[in-house]
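Structure first, commentary second.
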Amino acid sequence: MFNREIFAERFKNLRLIKSISQQDIATSLGVDRSIVSHWERGTRIPSLDIAYALADYFDVSLDYLVGRSDNSNYR
98 MFNREIFAER
108 FKNLRLIKSI
118 SQQDIATSLG
128 VDRSIVSHWE
138 RGTRIPSLDI
148 AYALADYFDV
158 SLDYLVGRSD
168 NSNYR
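Going by my numbering, the sequence shown opens with residue 98, and the numbers climb by one from there.
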């Protein structure tokens, strides 16, 4: 199951750890920066395609990103 709160927290933490701006992520995914902000606040969730792209972008597993696993290793 997709845990919105865990996703928002992990997504924001990964972005900050890698020193990537919301605008950089938005540009690379072809979405507006405000959408990225909504994801970080947990007020919206990305589509499955975007969630997979984010997991690849941060080199973590999708299960980790959405809260199904605490293991961040990419598979």
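Every residue, glycine too, gets a C-beta built ideally from N, C-alpha and C. Just so you know, these numbers come straight off a predicted model, no measurement behind them.
Check, Outcome
"Quick check: ARG101 and LEU162, are their CB atoms within less than 7 Å of each other?", "no"
"Buried or exposed: where does LEU145 fall if 16 or more other Cβ atoms within 10 Å of its Cβ makes it buried?", "exposed"
"Between the Cα of LEU110 and those of ALA150, TRP136, ARG141 and PRO143, spot the shortest distance and give me the residue it belongs to.", "For the record, residue 110 in the displayed sequence is Asn; it is not Leu. The option with the nearest alpha carbon to ASN110 is TRP136."
"Starting from ARG130, trace the alpha helix (DSSP H) both ways and give me its first and last residue.", "130-138"
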